[in-house]
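**Student:** Got a structure for you, questions after.
In this note's numbering, the protein residues as written are 47 to 330.
Here it is in structure tokens:
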């Protein structure tokens with residue numbers, strides 16, 4: 047069975063290959079119309095290398111307040127990534143030299159990706175971004191804990207848009223449960239319409255150490271094809287951020303006792319619009 051995932055989950059996978067706890071950016075630049083990475087990041091003091099990994103320091107997915115942003119009409123729908131990543135550039139900023147890497151990497155994307163969850167009163171599509179968000183990946187003896195702190199739209203053109211993400215990755219030894227390394231990342235992802243059924247995603251990630259010192263940059267290019275048109279989503283599972291379908295508009299007590307934690311996106315969207323003085327856009 048193929049599942050669907052939120053935009054932040056897709057970004058998590060891509061940035062793993064490439065408001066928060068000290069990850070606020072400093073001196074982000076916009077030069078001659080070109081979006082630039084930050085020169086440095088603020089030091090990160092919440093986590094320490096060599097200490098016991100403490101789950102209590104992490105935000106929980108079920109407590110995320112999330113955010114909403116408007117999706118261009120050309121991007122609204124369900125998308126599936128093609129199985130190749132093109133590595134355009136990988137540079138060691140300390141040594142100022144390229145890092146050897148393959149030109150193309152095959153990646154398995156089992157999920158489809160939903161872009162757009164609710165429609166406002168004027169017919170414009172908005173998508174929900176769960177923040178803060180924590181995800182885990184496993185590589186041999188290590189667990190990588192990815193903590194997403196911010197997701198912002200920084201530029202939108204007729205057929206493209208660019209978003210900026212900030213995240214922290216803790217590498218934890220699965221044997222000792224000690225924090226082995228800490229990496230901060232800033233990712234700029236540009237989505238561009240290729241045709242009615244395809245988009246390209248250019249991901250530029252800059253890596254920093256826990257003190258905010260730049261370490262490396264990496265650029266990846268991937269493609270997605272549209273596998274379904276936009277359809278409103280009323281419920282997400284707070285734990286996985288996957289859409290949940292209910293047979294009626296009301297959640298019964300028996301459903302609440304199941305293994306997922308439902309989030310009513312209709313209520314969340316209305317609350318967001320009220321909080322941002324956009325009550326005229328609340329759906330009727």
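Beta carbons: idealized from backbone N, C-alpha and C, even for Gly. Since the model is a prediction, treat every value here as computed from it, not as a measurement.
Closer than 8 Å, CB to CB, is residue 117 near chain E or not?
**Tutor:** Absent from the structure: chain E. Only one protein chain is present.
**Student:** Whose C-alpha, out of 191, 317, 247, 220, is nearest the C-alpha of residue 30?
**Tutor:** The shown model of the chain, from 47 to 330, leaves out residue 30, and the question about it has no answer.
**Student:** Quick one: which unbroken beta strand (DSSP E) runs of 3-plus residues sit fully inside the segment 133–166? Chain order, please.
**Tutor:** Runs of the beta strand (DSSP E) inside the segment 133–166: 150–152, 158–161.
**Student:** Use the C-beta contact count for residue 83: other C-beta atoms within 10 angstroms, 16 or more gives buried, fewer gives exposed.
**Tutor:** Buried.
**Student:** For residue 297 and residue 196, what's the separation of their Cα atoms in angstroms?
**Tutor:** Low confidence applies to residue 297: its pLDDT is 48, below 50, so where it sits in the model is not reliable, and the reading given next is rough at best. In a straight line, the C-alpha of residue 297 is about 30 Å away from that of residue 196.
**Student:** How far does the beta strand (DSSP E) with residue 231 in it reach, from first residue to last?
**Tutor:** Where residue 231 is concerned, the enclosing beta strand (DSSP E) stretches over 225–241.
**Student:** Around the Cβ of residue 243, are there at least 16 other Cβ atoms within 10 angstroms (buried) or fewer (exposed)?
**Tutor:** Flag for residue 243 reads exposed.
**Student:** Apart from the five residues just before and just after residue 19, which ones in its own chain have a Cβ nearer than 7 Å to its Cβ?
**Tutor:** Residue 19 falls outside the range modelled here, since the chain spans only 47 to 330, and no answer is possible.
**Student:** Where do the ends of the alpha helix (DSSP H) carrying residue 315 lie?
**Tutor:** Taken as a continuous stretch (DSSP letters only), the alpha helix (DSSP H) holding residue 315 covers 311–321.
**Student:** Whole-angstrom Cβ separation of residue 131 and residue 151, contact assumed at under 8 Å?
**Tutor:** About 5 Å separates the two Cβ atoms, so the contact holds.
**Student:** Give the single residue among 245, 88, 166 whose Cα lies nearest to the Cα of residue 330.
**Tutor:** Out of 245, 88, 166, 166 has the C-alpha closest to the C-alpha of residue 330.
**Student:** If you follow the beta strand (DSSP E) that residue 181 is part of, which residue opens it and which one closes it?
**Tutor:** Residues 179–185.
**Student:** Suppose the cutoff is 6 Å on Cβ atoms and the five residues either side in sequence are ignored; what does the same chain contact list for residue 120 look like?
**Tutor:** Hits under 6 Å: 239.
**Student:** By the three-class DSSP mapping on this structure, what secondary structure does residue 221 have?
**Tutor:** If DSSP states are grouped into helix, strand and coil, residue 221 belongs with coil.
**Student:** Looking at the secondary structure, which residues open and close the beta strand (DSSP E) in which residue 193 lies?
**Tutor:** Segment 188–202, the beta strand (DSSP E) holding residue 193.
**Student:** Span of the beta strand (DSSP E) holding residue 113?
**Tutor:** Unbroken beta strand (DSSP E) run through residue 113: 113–117.
**Student:** Whole angstroms is fine: what's the gap from residue 114's alpha carbon to residue 289's?
**Tutor:** Spanning the two alpha carbons is a distance of roughly 16 Å.
**Student:** Per DSSP, residue 326 is paired with what?
**Tutor:** Per DSSP, none; premise fails for residue 326.
**Student:** Comparing alpha-carbon positions, which option in 315, 93, 88 lies nearest residue 191?
**Tutor:** Nearest option by C-alpha distance: 93.
**Student:** Using the Cα positions of residue 208 and residue 308, report the straight-line distance between them to the nearest angstrom.
**Tutor:** If you take the alpha carbons of residue 208 and residue 308, they lie about 30 Å apart.
**Student:** What residue from 269, 325, 105 has the CA that sits closest to residue 177's CA?
**Tutor:** Ranking 269, 325, 105 by Cα distance to residue 177 puts 105 first.
**Student:** With a threshold of 16 other CB atoms inside 10 Å of the CB of residue 145, please say whether the residue is buried or exposed.
**Tutor:** Label assigned to residue 145: exposed.
**Student:** Considering only DSSP beta bridges, list what residue 106 is partnered with.
**Tutor:** BP columns for residue 106 are empty, so no partner.
**Student:** Can you tell me which of the three DSSP states residue 98 falls into?
**Tutor:** DSSP places residue 98 in strand when its eight states are reduced to three.
**Student:** At which residues does the beta strand (DSSP E) containing residue 83 begin and terminate?
**Tutor:** Premise fails: residue 83 is in no beta strand (DSSP E) and is neither H nor E.
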